[in-house]
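Asker: Please see the structure below; I have some questions.
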Amino acid sequence: MATDQPEGGVEEYKVKMETDESEGSDEEYIRPKWDSKLQYLLSCAGFVVGLGNVWRFPYLCQTYGGGVFLIPYLIAFVLGAIPVFFLELAIGQCLKKGCIRLWWHISPYLGGLGYTSLILSFLVILYYNMLLSLVLWYLINSFRNPLPWSSCPTDTKLIEECHKSTPTNYFWYRYTLNISTDIGNSGPLQWWLVLCLAACWLLVFICTVRGIESTGKAIYFTATFPYLILTLFLIYGLTLPGAVHGLLYFMTPNLRKLNNPRAWLDAATQIFSSLSLGFGGHIAYASYNPSRNDCEMDAVMIAAINSLTSLFASIPIFSILGFKATVAYEECLERNVKYITKAFRNESITVDSSAFWLSYLNGTDINKLASLKLANCDRQKFLDQSVSGTGLAFILFTEIVLKMPGSNTWAILFFLMLFSLGISSMFGFVQSILTPLTESRIVSRYIRKEAVCGLICLTAFLLGLVFTLRSGNYWLEMFDAFAATMPLLIIAFFEVIGVVYIYGMKRFSADVEEMTGRPLKCYWKATWQFFSPGIMFLIFVFYVLLEYPWDGLPIERSTVRIPVAGCAPVARSQRLPT
1 MATDQPEGGV EEYKVKMETD ESEGSDEEYI RPKWDSKLQY LLSCAGFVVG LGNVWRFPYL
61 CQTYGGGVFL IPYLIAFVLG AIPVFFLELA IGQCLKKGCI RLWWHISPYL GGLGYTSLIL
121 SFLVILYYNM LLSLVLWYLI NSFRNPLPWS SCPTDTKLIE ECHKSTPTNY FWYRYTLNIS
181 TDIGNSGPLQ WWLVLCLAAC WLLVFICTVR GIESTGKAIY FTATFPYLIL TLFLIYGLTL
241 PGAVHGLLYF MTPNLRKLNN PRAWLDAATQ IFSSLSLGFG GHIAYASYNP SRNDCEMDAV
301 MIAAINSLTS LFASIPIFSI LGFKATVAYE ECLERNVKYI TKAFRNESIT VDSSAFWLSY
361 LNGTDINKLA SLKLANCDRQ KFLDQSVSGT GLAFILFTEI VLKMPGSNTW AILFFLMLFS
421 LGISSMFGFV QSILTPLTES RIVSRYIRKE AVCGLICLTA FLLGLVFTLR SGNYWLEMFD
481 AFAATMPLLI IAFFEVIGVV YIYGMKRFSA DVEEMTGRPL KCYWKATWQF FSPGIMFLIF
541 VFYVLLEYPW DGLPIERSTV RIPVAGCAPV ARSQRLPT
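One point on numbering: in full-length UniProt numbering, the residue at position 416 of the sequence shown is 416, and numbering is uninterrupted.
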């Protein structure tokens, strides 16, 4: 790899590239360009706005005190995430290279950053596309009427297992995953998941086969369609009974939660992962921009869209959660009324009058009151029952949608929205791998870009078959928890160090000024030199202290897992569709 660095700004670098190309260097291919600025912005927005905006950010707000969670989130956003995001866009646009060649160009000692980004991108596409496969499976089943997770199967061997759990739990753990008892019991491939995975990879290949020339066309739909569906959910969710309770739960701040160091850790990791920093995708996308593009405005705009989308998605999500809590609360009251009615068979008991009869029993016959199977009906308790990730999408929402009029329509729209969000992010991950590979000397000379893209998708599909085993969900949870958390933060940390202290702050500032046409603001210089690396270092320290026990005691993690109540492993042949 060439490591010579042009001393001038963007234009001199461009001349240097043209000179190298005429001499037959490894810069022989013609670098494509975006068709329009809108196409580039939509591609970046589609990359950063993904599944986590819908099923991770609302959960963190619910866990850490509602609106007060925005305090550490905004601090991490302003001082840490957006400066790194701008740095990736600027350095990619300036040097016109993918992540591998770019870091080798700055310094051979930073070459490992590019390879690490490529490897992590590959690990992420393995399990991320499996999530899309599960979404596709639920989308297909959403066309069935009644919805297959609305009731237990009629097979007498399985009906007891389903009733010990719930129909939605049963459909997820048994009918969809056919999950094994542990990760060591792999079992065979689940053919329905294999077909969904193959379909998703075929779609990704079709949309990315020619790089930005093909993804740029698909992104017009995949990046905008989710906002239409979110708007429909917002309008409908606000009309649901109990929606106001969910919104108040979301907006009511609990300042005591700020004393929890994990709230600050999760806020920082959420915004860094949400902006997809460290993958190399933003460097690749920016490298196809013209040299005079205003990358500073792009960074601010795209980062703002990402965070505002998270807030926008939280409103319908919490409206629906409030509806679910209200329904559960009313059902709890009705069950108590039935028990009280049995105690007073000659009386006409209603929900409103049940409190009077409870008070009467409490003062006259405490033993009879104790014998009643009364539940503690607390709306707050139902609102506190939060889940994230697959638990939110495939269990909680599927249970809620059963109580909504026109449940099939809302299920189809919801899973179609998730699929659109995920597929646009997949375009960015694949581009993170495709760009540096197609820039290499051997690939650019002897292998067509279409063949490279096909090889990436085929290899990822074959390796991703591990997630379609009966133990596949355990592997998926493991990849999701560890593949793209701290490694990305470490990459982002050394990216800042490499640009600011090796490439040079003065030199980089001059390049940015030449690209944007205005001097670099002191805010960017201060965050790049001090605040951003300092925050990332503190996050890493707190992560080590909180995640790994130092006294031999287990550490309680923030991620919620839904238990498989009553679900024992059975073979597919033993199951009947509902």
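Built from N, CA and C at the ideal position, the CB exists for glycine as well. Remember, predicted model here, so these are calculated numbers, not experimental data.
#1: Buried or exposed: which applies to Pro290, given that a residue is buried once 16 or more other Cβ atoms fall within 10 Å of its Cβ?
#2: Whole-angstrom Cβ separation of Ser142 and Phe415, contact assumed at under 8 Å?
#3: Among Cys61, Gln385, Leu476, which one has its Cα closest to the Cα of Ser314?
#4: When DSSP labels each residue in this structure, what does Leu476 get in the three-state scheme?
#5: With DSSP run on the structure shown, which of helix, strand or coil describes Glu399?
#6: For the putative contact between Gln431 and Gly211, defined by C-beta atoms under 8 Å, what is the C-beta separation to the nearest angstrom?
#7: Relative to the alpha-carbon of Ala393, which residue among Ala460, Val135, Phe69, Glu514 has its alpha-carbon at the smallest distance?
#8: Count the other C-beta atoms from every protein chain shown that fall within 10 angstroms of the C-beta of Asp378, then say buried if there are 16 or more, exposed otherwise.
#9: Going by Cα to Cα distance, which pick from Met536, Trp528, Leu538, Gly534 is closest to Glu88?
#10: Decide if Gly406 is buried, meaning its Cβ has at least 16 other Cβ atoms within 10 Å, or exposed.
#11: Look at the alpha carbon of Tyr227 and the alpha carbon of Asp384, and state the distance between them as a whole number of angstroms.
#12: Please state whether DSSP places Leu469 in a helix, a strand or coil.
#13: Short check: CB of Phe85 to CB of Ala299, under 8 Å?
#14: Need the endpoints of the alpha helix (DSSP H) that Tyr285 sits in, please.
#15: Assign Val541 to one of two classes, buried (16 or more other C-beta atoms within 10 Å of its C-beta) or exposed (fewer than that).
#16: Going by DSSP in three states, Leu240 sits in which element: helix, strand or coil?
#17: Which same chain residues end up closer than 8 Å to Phe531 when comparing Cβ atoms and leaving out the 5 residues on each side of it in sequence?
#18: Based on Cα-Cα distance, which residue from Trp137, Gly246, Ala328, Gly111 lies nearest to Trp58?
#19: In this structure, how does DSSP classify Leu74 when only helix, strand and coil are distinguished?
#20: Taking C-alpha atoms, which residue in Ile30, Ile497, Ile71, Trp34 lies nearest to Asn260?
#21: Which residues in the same chain as Phe318 place their Cβ atom closer than 7 Å to its Cβ, once the five residues preceding and following it in sequence are excluded?
#22: Starting from Trp104, trace the alpha helix (DSSP H) both ways and give me its first and last residue.
#23: For Ala411, tell me which candidate among Pro146, Gly534, Glu213 has the shortest Cα-Cα distance.
#24: Which residues in the same chain have their Cβ closer than 7 Å to the Cβ of Leu139, if we skip the five residues on either side of it in sequence?
#25: Under 8 Å by Cβ, that's how I've got Ser133 and Leu197 pegged, so tell me the actual separation to the nearest angstrom.
#26: Distance, Cα to Cα, Cys44 vs Ile91?
#27: If you count every other CB in all the chains shown that lies within 10 Å of the CB of Thr176, and 16 or more means buried, which is it?
#28: Which residue marks the beginning of the alpha helix (DSSP H) containing Leu545, and which one marks its end?
#29: Leaving aside the five residues before and after Asn53 along the sequence, list all residues of the same chain whose C-beta is less than 6 Å from its C-beta, in chain order.
#30: Looking at C-beta atoms only, is the number of pairs between the segment 270-285 and the segment 193-209 that lie closer than 8 Å three or more?
#31: What first and last residue would you give for the alpha helix (DSSP H) that runs through Met426?
Answerer: By the coordinates alone:
#1: exposed
#2: 6 Å
#3: Cys61
#4: helix
#5: helix
#6: 7 Å
#7: Val135
#8: exposed
#9: Trp528
#10: exposed
#11: 27 Å
#12: strand
#13: yes
#14: 281-287
#15: exposed
#16: coil
#17: Leu79, Gly80, Pro83
#18: Note on residue identity: the sequence assigns Pro, not Trp, to residue 58. Comparing Cα positions, the closest option is Gly246.
#19: helix
#20: Ile71
#21: Pro58, Gly246, Leu247, Tyr249, Phe250
#22: 99-106
#23: Pro146
#24: Ile412, Phe415, Leu416, Phe419
#25: 4 Å
#26: 15 Å
#27: buried
#28: 532-547
#29: Thr309, Ser310, Ala313
#30: no
#31: 407-439
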